[in-house]
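Novice: Taken in order, the sequence shown gives residues 420 to 714; the numbers are from the numbering used here. Yeah, the Cβ is synthetic: ideal placement off N, Cα and C, and Gly gets one too. No experiment lies behind these values; they were computed from the predicted model shown. I have a structure here, written as structure tokens, and I will follow up with some questions on it.
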Amino acid sequence: MMRPWLLVVGLASLVSAGLQNESKSPSPNLKIHVCSAKDPPRVRKALNKLAQSPMFNQELNITSLSASQLADIRAISPSIQQGVMKPELWPQGSTIKVAFLSGDPTVRERIKQSAMKWTDYVNVKFNFVDDPTQASIRIGVDGNGRSESEIGNDALQIDGTKETMHFGWLTTFSSQADYDSVVLHEFGHALGLVHEHQLPNTGIIWNKPYVYQYCKTQWGWTTDDVDQNIFNQYTPKQLIFTRMDTSSIMIYSFPSEWTQNNISAPWTYQLSDGDKQFMALQYPKAPMPSVSGHP
């Protein structure tokens, strides 16, 4: 996503989408998202009923769910686990091959280093290879000012000669904070996350005329770009969710002038505690083996 002073970003939620055009105090509340866009009617009906049940009538912290509640959620569909519909998640333990289609060698290496920070928390590995035709994630790098990524394994639906991720403003002179901010965001999309500020219960009342004009003037965004990346919200029937995490790497940074109710979000440069915990639940690592002589 585009990100001049503002970094277009947002946490957890798994949604089918095309390339997402982006500009780009940790919260203990974890987001629980369910996307039913690709599920058959039986599953959608069950999810809708679940979303309207007393269990989800209030903000939900995933740690508050009992084992039986989580089992009930998983029973709705094989693609649900830990309260999250995961049509775009990669298989557990995947090694995802990544390749560059363009870009300065130094920029490529710095993108790689930032992306690998996700692997400290998820049961997924990134293997950067030279041959793009062998890669599931293909990255383009230039100076066009746009950064974007396919959502999760939707990348597999893209022609093998075309990019699935793009970075349009990183250079050899960009700061490490700038690299981490946009790379962690885009690879968050690649792991299955959507924008935090597009959850149903954010409470944000956007100053739409102001935002449309700002994005058009600063970044050349169309109204469709703004709608897709900022204003369009998922409905409770699409997602099981908790409150917005303004520290998430997946939220856009925006000033209070963008809203009618004085809400703002800071520019995020690293994964929040919520990002780490949520994705660790989606891609759980195997328990560490016990040391001989110790439990």
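Mind checking who residue 567 pairs with in its DSSP beta bridge?
Specialist: Taking the first residue of the sequence shown as position 1, residue 567 is located at position 148. Looking at the DSSP assignment, residue 567 forms a beta bridge with 585.
Novice: Write down every uninterrupted run of the alpha helix (DSSP H) in the stretch 522-583 whose length is 4 residues or greater and which is fully enclosed by it, in chain order.
Specialist: As far as the stretch 522-583 is concerned, its whole alpha helix (DSSP H) runs of at least 4 residues are 524-534.
Novice: Between the Cα of residue 620 and those of 610, 604, 652, spot the shortest distance and give me the residue it belongs to.
Specialist: Here residue 620 refers to the residue found at position 201 of the sequence shown. The shortest C-alpha separation from residue 620 is found at 652.
Novice: Quick one, are the C-beta atoms of residue 584 and residue 558 less than 7 Å apart?
Specialist: For the purposes of this step, residue 584 is identified with residue 165 of the sequence shown, where counting begins at 1. For the purposes of this step, residue 558 is identified with residue 139 of the sequence shown, where counting begins at 1. Yes.
Novice: Taking the alpha carbon of residue 581 as the point to measure from, which residue in 675, 519, 697 has its own alpha carbon closest?
Specialist: Here residue 581 refers to the residue found at position 162 of the sequence shown. Selected option, being the one with the closest Cα: 519.
Novice: Using a Cβ distance threshold of 8 Å, determine whether the stretch 640-649 contacts the stretch 596-604, with at least three qualifying pairs required.
Specialist: No: fewer than three Cβ pairs fall under 8 Å.
Novice: Tell me whether residue 665 is buried or exposed, calling it buried when 16 or more other Cβ atoms sit within 10 Å of its Cβ.
Specialist: Here residue 665 corresponds to residue number 246 of the sequence shown, with the count starting at 1. Buried, by the Cβ-count rule.
Novice: Since residue 613 is in the alpha helix (DSSP H), which residue starts that stretch and which ends it?
Specialist: As a first step, residue 613 must be located in the sequence shown, where it is residue number 194. It is not in any alpha helix (DSSP H) - residue 613 carries neither H nor E in the DSSP assignment.
Novice: In chain order, what residues of the same chain have a beta carbon less than 7 Å from the beta carbon of residue 577, not counting five sequence neighbours either side?
Specialist: The count along the sequence shown starts at 1 and reaches residue 577 at position 158. Excluding positions up to five away in sequence, the list reads 569, 583.
Novice: Where do the N-terminal and C-terminal ends of the beta strand (DSSP E) with residue 705 fall, by residue?
Specialist: By 1-based counting over the sequence shown, the position of residue 705 is 286. Per DSSP, residue 705 belongs to no beta strand (DSSP E) and is neither H nor E.
Novice: Out of 610, 507, 575, 510, which one is the CA nearest neighbour of residue 698?
Specialist: As a position in the sequence shown, residue 698 is number 279, starting the count at 1. Residue 698 has its Cα closest to that of 610, out of 610, 507, 575, 510.
Novice: Give the range of the beta strand (DSSP E) segment to which residue 518 is assigned.
Specialist: On the sequence shown, position 99 is the one that residue 518 refers to. Here the beta strand (DSSP E) through residue 518 covers 514-519.
Novice: Can you name the start and end residues of the alpha helix (DSSP H) that residue 510 belongs to?
Specialist: By one-based count along the sequence shown, residue 510 stands at place 91. Careful: residue 510 lies outside any alpha helix (DSSP H) and carries neither H nor E.
Novice: If the criterion is Cβ atoms closer than 7 Å, does the pair residue 515 and residue 566 meet it?
Specialist: In the sequence shown, the residue the question calls residue 515 occupies position 96. In the sequence shown, the residue the question calls residue 566 occupies position 147. Not closer than 7 Å, so no.
Novice: So what does DSSP say about residue 500, is it helix, strand or coil?
Specialist: Your numbering for residue 500 matches position 81 in the sequence shown. With a pLDDT of only 29 at residue 500, under 50, the local geometry of the prediction cannot be trusted, and no value is derived from it.
Novice: Classify residue 673 as helix, strand or coil using the three-state DSSP reduction.
Specialist: Along the sequence shown, one-based indexing puts residue 673 at 254. Here residue 673 sits in strand by DSSP.
Novice: Given a cut-off of 7 Å, decide if residue 511 and residue 546 are closer than it, judged by their beta-carbon atoms.
Specialist: Stepping through the sequence shown from its first residue, residue 546 is reached at position 127. Stepping through the sequence shown from its first residue, residue 511 is reached at position 92. Not closer than 7 Å, so no.
Novice: Quick check on DSSP: helix, strand or coil for residue 625?
Specialist: In the sequence shown, residue 625 corresponds to position 206, counting from 1. In the structure shown, residue 625 sits in a strand (DSSP, three-state: E or B).
Novice: Does DSSP put residue 678 in a helix, a strand or coil?
Specialist: In the sequence shown, counting from the first residue as 1, residue 678 sits at position 259. Correct three-state label for residue 678: strand.
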